[in-house]
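Asker:
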Amino acid sequence: MKLRELAHSRTGDKGNRSNISLIPYDPTHYQHLREEVTAERVKAHFRDIVHGAVERYELPLIHSFNFVLDEALGGGVSRSLSLDTHGKALSSALLEMDVSAPPGYAPKHRVAAGAVATPTAHLPKAEDFLLWPPNVQAYGYRIVDKLFNSRPIRKGPSPRPLRYGHQLELSYQTANGACSIADFIDRNALSGLLVLKNGQVVLEQYGLGLLPSDRWSTMSTVKSITATLVGVALYDGAIHSLDDSVTKYVPSLLGSAYEEVTVKHLLTMTSGVAWNEDYTDKQSDVNRYSKSLADGVPGGVFALLKALAREHEAGTHWRYNSGDTFLLGAVLRSAICMPVADYLSRKIWQPCGMEFDAFYTLESPDGLEIGGSRAGIALRDFGRFAQFMLDDGVVDGKRLLPDGWNDDANRHAYTFSDADRALMPQIASGALAGYGYSWWIAADGAMTAVGFAGQRIYINRAERLAIVTLGAFPQPGYRGPDEHDRVAEVVAFTEAVKSALGSSGA
Amino acid sequence: MITTDNGSRIVRLGAGAGFARDRIEPALDLARRGKLDYLIFECLAERTIALAQQQKQKSPELGYDPMFEARMRAVLPIQREQGFRIVTNMGAVNPAAAGRLAKAIAEELNISGLRIAVVEGDDVLPQVKRSSTRFLETGDPLSTRSNELIAANAYLGVAGICEALEAEADIVICGRVSDPALFLGPLVHEFGWSMTDWDRLGTGTLVGHMLECAGQVTGGYFADPGYKDVADLGHLGFPIGEVSAAGELVVTKLPGTGGCVTAATCKEQLIYEIHDPRAYYQPDVIADFSEVRIEEVGQDRVRLTGAKGSPRPADLKVSVAYRDGYIGEGQISYAGAGAAAKARLAGDIVRQRLALAKVDIDELKIDLIGIDSLHGNNLGGSAEPYEVRLRVAARVKTQTLAEAVAREVESLYTNGPAGGGGVAHLNREVIAVQSVLLPREQANAVVTILEA
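Chains B and Z supply the protein sequences, listed in that same order. According to my numbering, the first sequence is numbered sequentially starting from 127. According to my numbering, the second sequence is numbered sequentially starting from 149.
1. From the DSSP output, read off the bridge partner residues of C310 of chain Z.
2. Return the residue from the list Z:R471, Z:V594, Z:N525 that minimises the CA-CA distance to A198 of chain Z.
3. Measure the CB-CB distance between L330 of chain Z and G363 of chain Z and report whether it falls below 7 Å.
4. Label P245 of chain B either buried or exposed according to how many other C-beta atoms from any shown protein chain fall within 10 Å of its C-beta, with 16 as the threshold for buried.
5. DSSP puts T388 of chain B in a beta bridge; with which residues?
6. DSSP state of Y290 of chain B, grouped into three classes?
7. Tell me, to the nearest whole angstrom, how far the beta carbon of K376 of chain Z is from that of A412 of chain Z; I am working on the premise that it is less than 8 Å.
8. If we define contact as Cβ-Cβ less than 7 Å, is K169 of chain B a contact residue for chain A?
9. If I'm right that R646 of chain Z touches L397 of chain Z with Cβ under 8 Å, what's the distance once you round it to whole angstroms?
10. So which of Z:D288, Z:N242, Z:L304 has the shortest CA-CA distance to K206 of chain Z?
11. Straight-line CA distance for L504 of chain Z to I497 of chain Z?
12. Between G352 of chain Z and the rest of its own chain, which residues show a CB-CB distance below 6 Å, the 5 nearest in sequence each way excluded?
13. Look up D510 of chain Z in the DSSP assignment and say whether it is helix, strand or coil.
14. Could you tell me the boundaries of the alpha helix (DSSP H) in which A400 of chain B lies?
15. Does the beta carbon of V194 of chain B sit closer than 7 Å to a beta carbon anywhere in chain Z?
16. Go to L297 of chain Z, then tell me how far its beta strand (DSSP E) extends in each direction, as first and last residue.
17. What separation, rounded to the nearest whole angstrom, lies between the Cα atoms of H235 of chain B and D570 of chain B?
18. Please specify which runs of the beta strand (DSSP E), each continuous and at least 3 residues long, are wholly inside the segment 307-350 of chain Z, giving them in chain order.
19. Run down chain Z in chain order and give the residues with a C-beta less than 9 Å from the C-beta of P203 of chain B.
20. Which residues in the same chain as R228 of chain Z place their Cβ atom closer than 6 Å to its Cβ, once the five residues preceding and following it in sequence are excluded?
21. Pick out the complete beta strand (DSSP E) segments inside the segment 190-251 of chain Z, 3 residues or longer, and give them in chain order.
22. Runs of 4 residues minimum, wholly inside the segment 330-383 of chain B: which ones carry the alpha helix (DSSP H) assignment?
23. In terms of residues, what are the limits of the alpha helix (DSSP H) holding N563 of chain Z?
24. Measuring CB atoms only, is the segment 156-176 of chain Z touching the segment 345-364 of chain B, in the sense that at least three cross pairs come out at less than 8 Å?
25. Hey, would you say Y375 of chain B sits closer than 7 Å to S499 of chain B, going by beta carbons?
26. With 16 other CB atoms within 10 Å as the buried threshold, where does A494 of chain Z fall?
27. Measuring only between beta-carbons, confirm whether Y420 of chain Z sits less than 7 Å from chain B.
28. Quickly, what does DSSP pair W566 of chain B with across the bridge? List them, please.
29. Considering just the uninterrupted stretch of the beta strand (DSSP E) at K465 of chain Z, what are its terminal residues?
30. Taking only three categories from DSSP, how would you classify R612 of chain B?
31. May I ask which residues mark the beginning and end of the beta strand (DSSP E) holding V391 of chain Z?
32. Check K169 of chain B in the structure and name its three-state DSSP category.
33. Find the residues of chain Z that neighbour P491 of chain B, judging by a C-beta separation of less than 9 Å, and give them in chain order.
34. Please work out which residues of its chain come closer than 6 Å, Cβ to Cβ, to Y604 of chain B, disregarding the five sequence neighbours upstream and downstream, and give them in chain order.
35. For H212 of chain B, which residues in the same chain have their Cβ closer than 7 Å to its Cβ, ignoring the five residues on either side in sequence?
36. Closer than 8 Å is the cut-off here; do at least three beta carbon pairs connect the segment 214-231 of chain B with the segment 178-186 of chain B?
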């Protein structure tokens, strides 16, 4: 939660030094803030602004703190080039800090009796993220960064304009007869649909009120993006080899079941560590992982992963595991020595000329990026990423991915069995044949990023074709008995696009 | 002064201004209805005194607060009716000229028998120039700036104010004294506190600290809609401090005025512009606010107790102002989709042009107002605003170079990205302010009395 919910603040200046008070509304929160808002965290929060030391003074009798920030005012009020030469607005910036909720915290009605009614936006419950009803999905997937801790993936100074070709027109067959593109969007609660053929946009449609600038939740499609970043780091030399042990980068896992796991095992979901990814079971590993993330517990996911047991020898069994991708993020973070979001910005977002800042959500306030779920990306930038993959990781003649990386990523590291199909119905419905470097390999050979509730990036390199579908597929409790299989319908639509656009080389 | 039922005396201090350009009418309301013993105007910030020095260099009759005349014209007739005394630092670098002006205004308004005290002695430029002192902030010797020095003013304590009040002054016009001293002086005078009673002096410093920013303790610089609502800020009332001989302070304001005095407003002001709460350095005491208690004792009435003090420091703090080049600045706006990209491109163009023209720049700042101008990219917003204003500011050595910076922004009209409009530009001389320490024996208050 934001510090602003718990405390108020005022800034003063003396020379090049700023002082910022922090005063909890509820005096019983003093101890909690004492632990949360340390001088170190304030220094990190203001790292671009404060060039000197940060000191915290405590005033326990009035339950308040005073932070003194050295070299914080650009040389002082008379010399500073800043618009706010006094630093008066720094108090508001301090209150933007993310903190964990105090034990037993319940938001109070803080407005004094008789005060003017204040318009307030109520936000959906973050911990129910995977359980929302359809009306909340449509809204909530657009504001993920308001519900969770996040870190921006900055775009560069100028976006790369997309090229637009002739508008795609088609119809496709369903059990209810022939359907149009508009039907496709309506029947499947799609918020975004983008088709790129031979480097040109031939279809760009928005639904459910989505705007081009909105960053829709990626869900697990971001696993494939994080995995691609591993390729970039390999090309960079930051990661030495995919056969490196995970503990080379994350030594705190020594002694856990991850000790014999390599980077490639994480990429291909073959760590062999016991894991239950059942979203409907509150006690499953994935839901305990989600709970830790929702509470923003620093190190909470690590503690969970360290305690996992080994089920199979590493590299022998495939199991879809969001914990493994989380760890992949930790490996990256350690190898590249900068936040994963910054690396993604520098290596892909800026060179590709992304149009909007994207974001990763974080394990805890200011913590590690969650490599495997619910980042936020605008529709066209999903498209630009797909084009980057179609271009084999080469931008303006400059190679960013190792030669042959996409071939490896697109190769079956694991081929699905009938048992897998029985266990995960979406494998059959989605016409998925195997799993590569955190890409699902479709029956037609396309590399596919797949996420909860209808998110999908389909990349068919042979046909120079990419299809991005963003959606809010209703979840089991909200589906009628006779509703169609939406995952299968996306496959049917994909086939229709392929035949409408014909083969590559046009 | 009011005497309460149990015989203890209460002094009522009103704060009539919190900075040089503050509103006048709340001070007049306090003057009329506040039953004040003292009305105090604090108007002299670190940099204000350097600007005043530049005025004085233009004319020997200038160099006091630019709003001094307006304030005096408005308040002197009320003072005559109500009988409170006025203490202010509006004399800035020329208290004597301010005193002569006050005398002239009083005579013009047919106010006779008015005693005006002028407190000088804070100008220590000669002493500082002779010394081998170093700046506290950067550690550089003062001599590195000897050619650019404009002013050096010591923060004096209450001695001059007390002397003036002993001499029955109705108005005490100071230059640089410590801000809390404007309030502490009257309390020492009224209650006869010893200048070695450190806890009392610490308490009086707390009184001054709470009141000196006027509206900042009554709900100004405080409102945050939905979180901290404050009623009727258009009629914000200025504060009154009720102080007992024992040093108990109640902060309040006039009924019927806007704003509020609450524990929260008082907490914010208590911590405002202090560093270590245990050691707030003042000329007459090192005040300790770390054990202050704050309680609401009525509607818009907050009691503060528990301030302490320890012996005064050996040195006085001196603000030294010096010329430090110029700042040239230009701004231009872009709108609609792509506004930020256009503004960024415009910034890149200006950067390139300044390099091509070989404009010698000490420091350059390029801001996108609406995106990153206040706190940079890390804290700044990522959402695309509808409109963006590019701001280019550069610190340079000469006015000509400052104008060149502004001109490069203006030329974006016809040479920059599409749709740039609303150019504004300015350049100003930089008067930098740093501090040095001076042995207190080298700066003494000198009081002169004028009579209208």
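Note that CB positions come from ideal geometry on N, CA and C, so glycine has one too.
Answerer: Put simply:
1. In the DSSP output, where bridge partners are listed per residue, C310 of chain Z has none listed.
2. Z:R471
3. no
4. exposed
5. B:S371
6. strand
7. 7 Å
8. The chain inventory of the structure shown lacks chain A, comprising the protein chains B and Z.
9. In the structure as shown, chain Z begins at 149 and stops at 600. Residue 646 of chain Z is therefore absent and cannot be evaluated.
10. Z:N242
11. 10 Å
12. L332, L335
13. strand
14. Unbroken run through A400 of chain B: none, as it is neither H nor E.
15. yes
16. 297-302
17. Unreliable positioning characterises H235 of chain B in this predicted model, as indicated by a pLDDT of 48, which lies under 50. The coordinate reading is nonetheless provided below. Distance between the alpha carbons of H235 of chain B and D570 of chain B: 56 Å.
18. 319-322
19. It is worth fixing the name first, because residue 203 of chain B is Val in this sequence and not Pro. Result: A193, E194, R195, V581.
20. I259
21. 233-236
22. 347-362, 372-375
23. 560-563
24. no
25. no
26. buried
27. yes
28. B:Y561, B:T574
29. 463-483
30. helix
31. 387-392
32. helix
33. Here the premise fails: no neighbours, minimum Cβ distance about 14 Å.
34. P259, P260
35. D139, V203
36. no
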